[in-house]
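Just below is one structure, and these are the notes that go with it.
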Amino acid sequence: MDVRGFHEKSPESTQLLESVGRTFLEGFGYAAQARRPADAEEHLEQVPTRFRGFAYEGAAMGFAVRDGLPFGRHNHVERFLAGRGGAHSYLVYVGIGWAMARLPRFRWPDPDSLDHLLRWLVLDGYGFHQAYFATRRYVQEQYQDQRFPWPPGSHNWYANRAIDQGIGRAIWFICGTDVNLVASTIDRFAEERRSDLYSGAGLAATYAGGGDEQELWAFWHRAGRHRPSVAQGGSFAAEARVRAGLVVPHTRVATGVFCGVTPEQAAQIAIDTRPDRPVEGNLPAYEVWRQRIANQFVSLGRC
C-alpha cells in the first residue's frame, strides 16, 4: 500500500488489501508455471476461502497473457473455464482484462470468442488495472479514452461505462476501504459517471471486504441516489461468492446493508434477472442485466 501511495485506514485493512494482492500474484504464478490449467487448479484450491477468488483472477490473467503470446497454444483460458475456473467465471473474465492492459492491442482477445454477456467484465478488469497502476491519470485526473477500440460494434460506446465499473472497484482499494474517502473520491467525478463507480465500489466492498457494518452503512448513506447501483454491485459480488462456494462473514454483512437480504438471496436475484437470450435495443445485454438487478432492489423498497 505504501509503495503505491494508497491510503492506509488501519493496519487491519492494509493487511487485508495486501493479502489480496499477494494472493492475486500467487495465482498468476501458478498459471505461468503450469503445463496445463488443471495443474494450476491443484494449487488454487488450497488458497484460503476468503482469498481464493483473487487467486483464480490472477491465474486467469496469467493464462490470458500466455494466450496473447505469439507462440504456443492459445486456448489456456478456454480450458481454464472448462475446469474449476468455471465456478469463478466472473473473476476469470476480470483477469482477462488485466492481461489486456499488459498486452499490445493486436494481441487482445477476439470479443466474439467470449461470452456475449460477460465480456464486459473484461473491461471492468482493464479499468481496475488502469486505476490501480495509473492512479493519477485515471482517478485524480479522471481520464477517459473516448475512442476505446474494444469491442467493436454498435455497443462500443458502453466500453467506458464498463471501465468505470472497474475504476470504482479499484477506488475501494486505493482509498484503503475508508468509506468516506471512497465516496468523496467518487463524488469528484462527473455526475454521469458516478453510478458505475459506486457500483464497482459496492462490489469490492462486498467481495473483498474491509469495512465493518457501521462503515458500510455510512457508505450506503453517502451513495444517495446511487444506492441501487451499490445494491447491484453487492448482488454481483454475492453471486460470485455463492457460485464458487466462497461465502464468508463479511459477505453477509455487506449484502445485509446494501441489499437487505442474505448473500444467497442477493445471488438469486442476479441469477433470476440474467438475460438468457439476445436483448434487442440500444443497450447491451449486460447493462440490461445490471438495470434489472438494480430495479429489483428498488421494487423491494431497499433503495
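Following my numbering, the numbering of the sequence shown begins with 155 at its first residue and continues without gaps.
Ideal Cβ placement from N, Cα and C applies to all residues, glycine included.
Boundaries of the alpha helix (DSSP H) in which residue i is found, first to last residue
i	result
residue 386	381-398
residue 450	439-453
residue 409	403-412
residue 339	333-341
residue 231	230-236
residue 207	203-222
Nonlocal neighbours in the same chain, by C-beta distance under 6 Å from residue i, ignoring five residues either side
i	result
residue 355	322, 325, 326, 336
residue 315	350
residue 439	271, 429, 433
residue 283	252, 255
residue 414	456
Beta-carbon spacing of residue i, residue j below 8 Å
i	j	result
residue 385	residue 451	yes
residue 237	residue 191	yes
residue 411	residue 367	yes
residue 218	residue 231	yes
residue 174	residue 214	no
residue 285	residue 320	yes
residue 363	residue 170	yes
residue 394	residue 280	no
Beta-carbon proximity list for residue i, same chain, < 7 Å, skipping 5 on both sides
i	result
residue 352	322, 340, 377, 380, 383, 384
residue 304	262, 265, 313
residue 298	314
Buried versus exposed, by CB contacts within 10 Å (16 or more), residue i
i	result
residue 260	exposed
residue 454	exposed
residue 248	buried
residue 404	buried
residue 344	exposed
Min CB distance residue i to chain D below 8 Å
i	result
residue 186	Of the protein chains in this structure there is only one, and it is not chain D.
Sequence-distant residues of the same chain with beta carbon closer than 8 Å to residue i, five excluded per side
i	result
residue 371	411
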